[in-house]
Amino acid sequence: MRKVVLVTGASSGVGRALCQRLLQEDDGLHLCLACRNPDRAEAARAALLAACPSAQITSVQVDVSDLRSVLRAAAELRRRFQRLDCVYLNAGIMPQPQLDVSALLLGFFSRKVIHMLCTAEGLLTQHDKVTADGLQEVFATNVFGHFLLVRELEPLLCRGDGPARLVWTSSRNARKANFSLQDFQHRGGQEPYSSSKYAMDLLSVALNRKLNQRGLYSSVACPGTMLTNMTYGILPAFVWTLLMPIIWLLRFLVDSFTLTPHNGAEALVWLFRQKPESLDPLSKYLSATSGFGSTYVTAQQMDLDEDTAERFYHSLLELETHVKATLQGADAQS
Ligand SMILES: NC(=O)C1=CN([C@@H]2O[C@H](COP(=O)(O)OP(=O)(O)OC[C@H]3O[C@@H](n4cnc5c(N)ncnc54)[C@H](OP(=O)(O)O)[C@@H]3O)[C@@H](O)[C@H]2O)C=CC1
Ligand SMILES: CC(C)CCC[C@@H](C)[C@H]1CC[C@H]2C3=C(CC[C@]12C)[C@@]1(C)CCC(=O)[C@@H](C)[C@@H]1CC3
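Sequential numbering from 1 applies to the sequence shown in full-length UniProt numbering.
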């Protein structure tokens, strides 16, 4: 039977490169592209089919920041498939990023320069907003929409006839200091992206504790810094082009500048090749590129504790109950 792999955010960037690389690994896959924009989904599907005509590629429309859309998409997937072998939770946003140029310049003269260039610690803030469901948009898109999707897809993922896996596209920018259990949506801060990626790391750990015994395994990966729509929101494309000679030199010291989505997908594809039971649930798997441009995968222990992961998971369950009741109430009124 064909393995079924679902990828959110498959229309561009690392999601799209990942799809292409997965089909190169195994052209017998059934790949389902979960995208918010049907035209972009169709364009991605056509490009993938042109490269791999024997592949089976379908799409499902989902806006992960919109809870009704997630519930609809999950119902559609339950109708279409008996089982899912792997879900890549990859869609993500970093809205209106602001780069602190003076912190960047000062950072070049500090001992933490390599850490700064790998993680962007202290360099970036974002402007978040509230969705129609009343959630912070970065949290809703990067974390909660995906959490709800996983919850709704549990019957396809935990079938007891062999392991299934989740792979979260997290980030080296995830930072404990930017996350608070009391404000897990990051309403009160200026680094919602970092907070959401830390939340994702906690969630993966909690899901392993809950669902390993039912055959579902979760891992987190960071693709490294790539040139995609997301990073073109930080600096325009021509500035990245001007910076390229410096970045090529920096690559001899900093292994996180993967630059292309193809290189960035390295850890995500590597995880697909591993037996899920053999992976460390407390590690983040990082795509990395050497000074000479070769790409490899490293593992890094995550800065978190399992008790916080457990408490965060319970907060998400409470929020799920609350938002579902609100949606049902609104449906009953209309
Ligand atoms: N670029 C980088 O350097 C790094 C990126 N990452 C992570 O990689 C992931 C992919 O980002 P990247 O490829 O860089 O950037 P892109 O902006 O190219 O890709 C983001 C993808 O997510 C989709 N998406 C965004 N919002 C939603 C939504 N509400 N519902 C459904 N899909 C949505 C986009 O769809 P659409 O085409 O419709 O916009 C797009 O396909 C993100 O999770 C990001 O945090 C992690 C580390 C570094
Ligand atoms: C290196 C150049 C001479 C100057 C580039 C400066 C910044 C624009 C980059 C330095 C570190 C980068 C970085 C990211 C974006 C671009 C930088 C801030 C990310 C935040 C992109 C998204 C992620 O998820 C992180 C893993 C990246 C961390 C590093």
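C-beta: ideal position from N, C-alpha, C; glycine also.
Cβ distance (whole Å) where residue 222 is taken to contact residue 315 below 8 Å: The pair is not a contact, with the Cβ atoms about 24 Å apart (cut-off 8 Å).
Cβ atoms of residue 4 and residue 84: under 7 Å apart, would you say? A distance below 7 Å separates the beta carbons of residue 84 and residue 4.
Output the residues surrounding ligand 2, defined as those with a CB atom closer than 6 Å to any ligand heavy atom, in chain order. The answer, residue by residue, is 99, 104, 117, 119, 120, 123, 124, 171, 172, 173, 222, 225, 231, 234, 235, 243, 246, 247, 250.
Proximity test, residue 65 beta-carbon vs ligand 1 heavy atom, cut-off 6 Å: For ligand 1, at least one heavy atom lies less than 6 Å from the Cβ of residue 65.
For residue 93, the three-state DSSP class (helix, strand or coil): It is coil, neither helix nor strand.
Give me the Cβ distance between residue 90 and residue 7, rounded to the nearest whole Å; I'm assuming they're in contact under 8 Å. Yes, residue 90 and residue 7 are in contact; Cβ-Cβ is about 6 Å, under 8 Å.
Expected contact under 8 Å - CB spacing of residue 99 and residue 234 to nearest Å: With 8 Å as the limit, residue 99 and residue 234 qualify as a contact, their Cβ atoms being about 6 Å apart.
In angstroms, rounded to a whole number, what distance separates the CA positions of residue 125 and residue 190? Between residue 125 and residue 190, the C-alpha separation is close to 5 Å.
Which full runs of the beta strand (DSSP E) of 3+ residues lie inside the region 97-181, going along the chain? Runs of beta strand (DSSP E) with 3 or more residues, each lying fully within the region 97-181, are found at 164-169, listed in chain order.
Which stretch, first to last residue, makes up the alpha helix (DSSP H) that contains residue 211? Unbroken alpha helix (DSSP H) run through residue 211: 192-211.
Taking the alpha-carbon positions, what's the residue 172 to residue 196 distance? Residue 172 and residue 196: Cα-Cα distance of roughly 12 Å.
Contact defined as beta carbons within less than 8 Å: I believe residue 186 pairs with residue 128. What is the distance between those atoms, to the nearest angstrom? Their Cβ separation, rounded to whole angstroms, is 7 Å, which keeps residue 186 and residue 128 in contact under 8 Å.
Give me the Cα-Cα distance between residue 75 and residue 152, rounded to the nearest whole angstrom. Roughly 8 Å separates the two Cα atoms.
Thinking C-alpha only, which one of 69, 103, 130 is nearest residue 120? Checked all of 69, 103, 130; the closest Cα to residue 120 is 103.
So, using beta-carbon positions, are residue 206 and residue 309 closer together than 7 Å? A distance below 7 Å separates the beta carbons of residue 206 and residue 309.
So, for residue 219: in the same chain, excluding its five sequence neighbours on each side, which residues have a beta-carbon less than 6 Å away from its beta-carbon? Taken in chain order, the residues that qualify are 167, 271, 279.
Other residues of its chain near residue 49: CB distance less than 8 Å, five sequence neighbours each side excluded: Short of 8 Å from the beta carbon of residue 49, and not among the five residues preceding or following it, lie these beta carbons of its own chain, in chain order: 55, 57.
Can you list the alpha helix (DSSP H) stretches of 4 or more residues lying completely in the region 21-48, in chain order? For the region 21-48, not a single whole alpha helix (DSSP H) run of length 4 or above is found.
Using only the alpha-carbon positions, how far apart do residue 52 and residue 45 sit? Residue 52 and residue 45 have their alpha carbons spaced roughly 10 Å apart.
Can you give me the C-alpha to C-alpha distance between residue 275 and residue 215, rounded to a whole angstrom? The C-alpha of residue 215 is placed about 12 Å away from the C-alpha of residue 275.
Check whether residue 107 and residue 113 have beta carbons under 7 Å apart: It is a contact, given that the beta carbons lie within the stated cut-off.
Among 130, 65, 79, 111, nearest to residue 147 - alpha-carbon criterion: Selected option, being the one with the closest Cα: 65.
Which full runs of the alpha helix (DSSP H) of 4+ residues lie inside the region 273-334, going along the chain? You should have 306-333.
Start and end of the alpha helix (DSSP H) containing residue 241? It spans 237-250 - the alpha helix (DSSP H) in which residue 241 sits, taken as one unbroken run.
Measure the alpha-carbon distance for residue 61 versus residue 109 and round it to whole angstroms. Within the model, the alpha-carbon separation for residue 61 versus residue 109 is close to 47 Å.
Around the Cβ of residue 79, are there at least 16 other Cβ atoms within 10 angstroms (buried) or fewer (exposed)? Exposure of residue 79 is indicated by the presence of fewer than 16 other C-beta atoms within 10 angstroms of its C-beta.
Hey, would you say residue 343 sits closer than 7 Å to residue 303, going by beta carbons? Residue 343 lies beyond the range of the chain shown here (1 to 334); nothing can be said about it.
Going by C-alpha distance, which of 232, 242, 293 is nearest residue 258? Closest option to residue 258, Cα to Cα, is 293.
Cβ-based burial, residue 140 [other Cβ within 10 Å; buried from 16]: Buried is the call here.
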